[in-house]
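Counting along the sequence shown from 1, when you hit position 138 you're at 138 in this note's numbering, and nothing is skipped either side.
We treat Cβ as the ideally placed atom computed from N, Cα and C, and that holds for glycine.
Encoded as structure tokens, the structure appears first; notes follow it.
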Amino acid sequence: MHPFPRPFSSKPALLAVAVAAAVSSDVAAAEPPTFREPWRPQFHFTPPSTWMNDPNGMVWHDGEFHLFYQNNPFGDKWGHMSWAHAVSRDLNHWEHLPLAIAEEGGVMAFSGSAVVDHGNTSGFGKDGRPPMVAIYTGHHTGKPLQNQWIAYSNDRGRTWTKYDGNPVLDIGEADFRDPKVFWHAPTRRWVMAVSWPLRRQVRFYASPDLKRWSHLSDFGPAGSVEGIWECPDLFPLEVENPDGGRRTKWVLVVNVGSGAPAGGSGTQYFVGEFDGTFFGEDPGSVPASLPASEPSGRVLGDFEDGYGGWVATGDAFGDRPAGGALPNQQAVDGFSGRGLVNSYLGGDRSTGTLTSPEFRVDADFLNFRVGGGRQPETLSVRLLVDGKAVRTATGGDAERLAIASWDVREFRDRSARIEIADRATGSWGHINADRFVLASSAASKGVVGANWADFGPDFYAAVTWSDVPKSDGRRLWLGWMSNWTYANDVPTSPWRSAMTAARSLSLRRTDRGYALLQRPVREIESLRGTPWRVEGLSMNAASERLREVRLPEGLADLEMELEGVPASGRISVVLRHGAGKDRPGITRVELDAASGQLRFDRGASGRKDFSAAFTDSHRAPIRIEGGRVRLRLLVDTSSVEVFAQDGETCLTELVLPAHPDLTLSLESDGAASATRVRRMAVWPLRAAPPTFSSKP
Ligand code: FRU
1 MHPFPRPFSS KPALLAVAVA AAVSSDVAAA EPPTFREPWR PQFHFTPPST
51 WMNDPNGMVW HDGEFHLFYQ NNPFGDKWGH MSWAHAVSRD LNHWEHLPLA
101 IAEEGGVMAF SGSAVVDHGN TSGFGKDGRP PMVAIYTGHH TGKPLQNQWI
151 AYSNDRGRTW TKYDGNPVLD IGEADFRDPK VFWHAPTRRW VMAVSWPLRR
201 QVRFYASPDL KRWSHLSDFG PAGSVEGIWE CPDLFPLEVE NPDGGRRTKW
251 VLVVNVGSGA PAGGSGTQYF VGEFDGTFFG EDPGSVPASL PASEPSGRVL
301 GDFEDGYGGW VATGDAFGDR PAGGALPNQQ AVDGFSGRGL VNSYLGGDRS
351 TGTLTSPEFR VDADFLNFRV GGGRQPETLS VRLLVDGKAV RTATGGDAER
401 LAIASWDVRE FRDRSARIEI ADRATGSWGH INADRFVLAS SAASKGVVGA
451 NWADFGPDFY AAVTWSDVPK SDGRRLWLGW MSNWTYANDV PTSPWRSAMT
501 AARSLSLRRT DRGYALLQRP VREIESLRGT PWRVEGLSMN AASERLREVR
551 LPEGLADLEM ELEGVPASGR ISVVLRHGAG KDRPGITRVE LDAASGQLRF
601 DRGASGRKDF SAAFTDSHRA PIRIEGGRVR LRLLVDTSSV EVFAQDGETC
651 LTELVLPAHP DLTLSLESDG AASATRVRRM AVWPLRAAPP TFSSKP
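Below, the structure is given as structure tokens:
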């Protein structure tokens, strides 16, 4: 089974019909954008209306940063993909331009890159001026085929012509996409990195003219291979502390379609050398991983010796737990002990429910494991309070059970039941579950040891800008700020999805190998209003002073430098949206020095009921040297980006608070009393509204 069911990997013809139907209803519902809608990002890039995913064609040309993006021009869900277009001179204010490269003749324009062909190697140039050339994936809707196409522009990207010799690269594969092309000066040719998603490989090709491509080499599988590989990028990057080592290393970026640390979509990188033909990862890189954590507590069911008072109906659950896989089932793992709940009894066709005895909610979290089919309507683990379902979870189309956790604080002291239901009869029509525990903290799954650029759930398809002038010298990128597991369900209108803040990249040598550093671009500082600052205070004093800060629009840039953080300290920055209101949204960024983790908790921050995949809390490893911690937070109306230790550890997260106004506080446990706030500053940020241009 494909780990990541997206329309383009299977049954294209059938799905095209479904997409078309969805599109027409979306169009009817569309209203003109005001850019002041609830949750509309004010300093992050968004499409005016309709759907957006990956950034495409990132290139600087003639004073402009170009940002093309995957866009469905007909609706606010994925489907009918074309390249939409915007430009900016300062990375803050964007000018929206007409659609650049449209789906046409049964070929969608999937992700890719753009270059300025300074030497006119392609021959597309006019009047001695270099053409812009876009290299993208043609996704065929009528047959299972993806191949690489080019288009060119002679008017600074305003209008585009598809090359009449397309496709320029075709290996007859259904999944072969997202070409990123750059000029490799030492070998005087173009190099393309393109992904072979199901094989977890990046392929490299070379071309003299962007039209004829020859295969160079392949990289992978490596690092995180749980999910499909998409949107690669390859570029040289400066090392900040070369210490006699190399000043520049090559970075290969691979976006991973699922299996990411926070679930769903993630971005990993490899650091090494590229000689014009092969990319090799440096030996000795030891990516930090985090073990799973399952706090102990009151066990409501672990299914070791019978159902223990849980009541079964129907024929899917039988009269006792399973000891693993049932007849004709693939291997089942990830359960605890000898037994689990497994509704594959009699195959996918059987249905039924299994319900726990009534219990009192006497802890803050209900932790459990769940696997099987991903069908939220028909396959569910539900928490019933007063007979009403207040929490629900489903499987991930995998037999392996995954750790799940519900924040149940709001049901404290109420009586409840857990119901496991299988009402599905088709493929993947069964559910696995095990070990329900009421505990004082959330269980979390382990973080796979790979070099993750970001440990939050909402950073994907990140690729860098080509051709940033040498005088600038930066390597810049941004990512799509969402996650495929819920992107289509995030309740914003009339647009869906935003890009992350633009970030400047570099490398740092550490004892674990090279680490990627990401810092928000300095241009963001021009949106800063009057700062609030403190220096040289104790945690308590700083916390007291921080209460003065009020951010009515909810747009903030926070910088904080701590020293003397003890090895056992726990320190949180708490964001409160709508303080004094009935239900303030509470978002917590917690540093846990003892376990070397940075955690982000959005479980009580606002709307989250639109998708069971919109998970509450995420963790990242953080390296703390000499008790020093630097934190930067960028807060927009519906997102928080966390950059710790100069962007060595990042978490990007959507949050959807009910009220925009924001106040901040610091919390620390006793062990953190030695910590000093060396300095802390908070700036309100100004909105950066876009402009529109319809003329070429
Ligand atoms: C990544 C991706 C790409 C593909 C595009 C389609 O998010 O799946 O691999 O080109 O989206 O919109």
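Quick check on the DSSP output: the beta strand (DSSP E) that includes ARG665 runs from which residue to which?
In the sequence shown, counting from the first residue as 1, residue 665 sits at position 665. It should be noted that the sequence gives Ser, not Arg, for residue 665. Looking at the DSSP string, the run of the beta strand (DSSP E) that includes SER665 is 662 to 668.
Using beta-carbon positions only, say whether PHE303 and LEU345 come within less than 8 Å of one another.
As a first step, residue 303 must be located in the sequence shown, where it is residue number 303. As a first step, residue 345 must be located in the sequence shown, where it is residue number 345. In this structure, the beta-carbon distance from PHE303 to LEU345 does not fall below 8 Å.
Can you confirm whether the region 610 to 629 touches the region 276 to 292 when touching is taken to mean that 3 or more C-beta pairs between the two stretches lie within less than 8 Å?
Touching, yes.
So does the region 36 to 47 actually touch the region 121 to 130, counting three or more Cβ pairs closer than 8 Å?
The region 36 to 47 vs the region 121 to 130: no contact.
Could you have a look at MET481 and say whether DSSP puts it in helix, strand or coil?
Taking the first residue of the sequence shown as 1, we reach residue 481 at position 481. Residue state, collapsed to three classes: coil.
At a threshold of 7 Å, does ASP458 count as lining the ligand FRU (C-beta to nearest heavy atom)?
Against the sequence shown, residue 458 aligns to sequence position 458. False, no ligand heavy atom lies under 7 Å from that Cβ.
Leaving out the 5 sequence neighbours to the left and right, which residues in its chain are closer than 6 Å to ILE571 when beta-carbon positions are compared?
For the purposes of this step, residue 571 is taken as the residue at position 571 of the sequence shown. Here the set comprises LEU591, SER668, ALA672.
Please name the residue in HIS85, ALA424, LEU383 whose C-alpha comes closest to that of ASP397.
Sequence index remark: in the sequence shown, residue 397 carries index 397 (1-based). Among HIS85, ALA424, LEU383, the Cα nearest to that of ASP397 belongs to ALA424.
If you draw a straight line from the alpha carbon of VAL341 to that of VAL468, how long is it in whole angstroms?
Position 341 of the sequence shown holds residue 341. Position 468 of the sequence shown holds residue 468. Taking the straight line from one Cα to the other gives about 56 Å.
When the Cα of TYR69 is compared with those of THR500, SER526, ASP164, which residue comes out closest?
Within the sequence shown, numbered from 1, the residue matching residue 69 stands at position 69. The shortest C-alpha separation from TYR69 is found at THR500.
Leaving out the 5 sequence neighbours to the left and right, which residues in its chain are closer than 7 Å to GLY323 when beta-carbon positions are compared?
The residue you call residue 323 lines up with position 323 of the sequence shown. Contacts found: ARG338, GLY339.
In the structure shown, what three-state DSSP assignment does ASN328 receive?
Within the sequence shown, the letter at position 328 stands for residue 328. In the structure shown, ASN328 adopts coil according to DSSP, grouped into three states.
Determine whether the beta carbon atoms of TRP698 and VAL133 lie at a separation below 8 Å.
Outside the shown range of the chain, which is 1 to 696, sits residue 698, and nothing can be said about it.
Would you call the region 200 to 213 and the region 427 to 446 touching, i.e. three or more CB-CB distances under 8 Å?
Touching, no.
Below 7 Å, is the gap between the Cβ of MET81 and the nearest heavy atom of the ligand FRU?
By one-based count along the sequence shown, residue 81 stands at place 81. Because some heavy atom of the ligand FRU lies under 7 Å away, the Cβ of MET81 counts as near it: yes.
With a threshold of 16 other CB atoms inside 10 Å of the CB of GLY79, please say whether the residue is buried or exposed.
As a working mapping, residue 79 is identified with position 79 in the sequence shown. Counting Cβ neighbours within 10 Å, GLY79 comes out buried, since at least 16 surround it.
Sorry if obvious, but does the Cβ on SER113 come closer than 7 Å to a heavy atom of the ligand FRU?
The sequence position of residue 113 within the sequence shown is 113, counting from 1. False, no ligand heavy atom lies under 7 Å from that Cβ.
Beta-bridge partners of LEU237, as assigned by DSSP:
Here the question's residue 237 lines up with position 237 in the sequence shown. In the DSSP output, where bridge partners are listed per residue, LEU237 has LYS249.
Give the single residue among ALA593, PHE411, LEU401 whose Cα lies nearest to the Cα of LYS445.
The residue labelled residue 445 in the question sits at position 445 within the sequence shown. Nearest option by C-alpha distance: LEU401.
I'd like to confirm something about GLN70: is its beta-carbon nearer than 7 Å to some heavy atom of the ligand FRU, or not?
In the sequence shown, the residue the question calls residue 70 occupies position 70. Yes, Cβ of GLN70 sits closer than 7 Å to a heavy atom of the ligand FRU.
What does GLN70 pair with, by DSSP beta-bridge criteria?
Here residue 70 refers to the residue found at position 70 when the sequence shown is read from its first residue. Bridge partners of GLN70: TRP83.
Apart from the five residues just before and just after PRO321, which ones in its own chain have a Cβ nearer than 8 Å to its Cβ?
To locate residue 321, count along the sequence shown from 1; it is residue 321. Here the set comprises PHE303, GLU304, GLY306, TYR307, GLY339, LEU340, VAL341, ASN342.
Can you tell me whether ALA461 sits near the ligand FRU, meaning its C-beta is under 7 Å from at least one heavy atom of the ligand?
As a working note, residue 461 is residue 461 in the sequence shown. Yes, Cβ of ALA461 sits closer than 7 Å to a heavy atom of the ligand FRU.
For GLY395, which of SER611, GLU95, ALA453, LEU598 has the nearest alpha-carbon?
Translated into positions along the sequence shown, residue 395 becomes position 395. With distances taken between Cα atoms, GLY395 lies closest to SER611.
Can the beta-carbon of ASN451 be found less than 8 Å from the beta-carbon of TYR269?
Your numbering for residue 451 matches position 451 in the sequence shown. Your numbering for residue 269 matches position 269 in the sequence shown. Their beta carbons are under 8 Å apart, which means ASN451 touches TYR269 by this criterion.
For the beta strand (DSSP E) holding ARG435, just list the boundary residues, first then last.
Looking up residue 435 in the sequence shown gives position 435. From DSSP, the beta strand (DSSP E) with ARG435 extends over 431 to 439.
At a cut-off of 7 Å, would you count PHE110 as near the ligand FRU, judging by its Cβ distance to the nearest heavy atom?
Along the sequence shown, read from residue 1 onward, the residue named residue 110 stands at position 110. For the ligand FRU, at least one heavy atom lies less than 7 Å from the Cβ of PHE110.
Roughly how many angstroms separate the alpha carbons of VAL23 and GLY75, rounded to a whole number?
Stepping through the sequence shown from its first residue, residue 23 is reached at position 23. Stepping through the sequence shown from its first residue, residue 75 is reached at position 75. For VAL23, the predicted model reports a pLDDT of 41, less than 50, meaning its position is unreliable and no value from the coordinates is stated.
For LYS581, count the other beta carbons within 10 Å of its own beta carbon; 16 or more makes it buried, fewer makes it exposed. Which is it?
For the purposes of this step, residue 581 is identified with residue 581 of the sequence shown, where counting begins at 1. It is exposed - the Cβ of LYS581 has fewer than 16 other Cβ atoms within 10 Å.
Within 7 Å: the Cβ of THR50 and any heavy atom of the ligand FRU?
The sequence position of residue 50 within the sequence shown is 50, counting from 1. Because no heavy atom of the ligand FRU lies under 7 Å away, the Cβ of THR50 does not count as near it: no.
Any idea if HIS118 is buried or exposed, counting beta-carbon neighbours within 10 angstroms, 16 or more meaning buried?
The count along the sequence shown starts at 1 and reaches residue 118 at position 118. Looking at its Cβ environment, which holds fewer than 16 other Cβ atoms inside 10 Å, HIS118 is exposed.
GLN645 versus GLY585, GLU561, ALA594, ARG599, residue with shortest Cα-Cα distance:
Numbered from its first residue, the sequence shown carries residue 645 at position 645. Answer by Cα proximity: GLU561.
Rounded C-alpha distance that separates PRO198 from ASP178
Residue mapping note: residue 198 aligns to position 198 of the sequence shown, counting from 1. Residue mapping note: residue 178 aligns to position 178 of the sequence shown, counting from 1. One point to set straight first is that residue 198 is Leu, not Pro, in the sequence displayed. The straight-line gap from Cα to Cα measures roughly 13 Å.
Look at the Cβ atom of GLY264, then the Cβ atom of PRO457, and state whether they are nearer than 8 Å.
For the purposes of this step, residue 264 is identified with residue 264 of the sequence shown, where counting begins at 1. For the purposes of this step, residue 457 is identified with residue 457 of the sequence shown, where counting begins at 1. It is a contact, given that the beta carbons lie within the stated cut-off.
Flag this pair as yes or no: are the beta carbons of LEU662 and VAL635 separated by less than 8 Å?
Numbered from 1 along the sequence shown, position 662 holds the residue referred to as residue 662. Numbered from 1 along the sequence shown, position 635 holds the residue referred to as residue 635. Yes.
Please report the straight-line C-alpha distance between LEU366 and VAL390, rounded to a whole angstrom.
Position 366 of the sequence shown holds residue 366. Position 390 of the sequence shown holds residue 390. Their backbone Cα atoms lie some 12 Å apart in a straight line.
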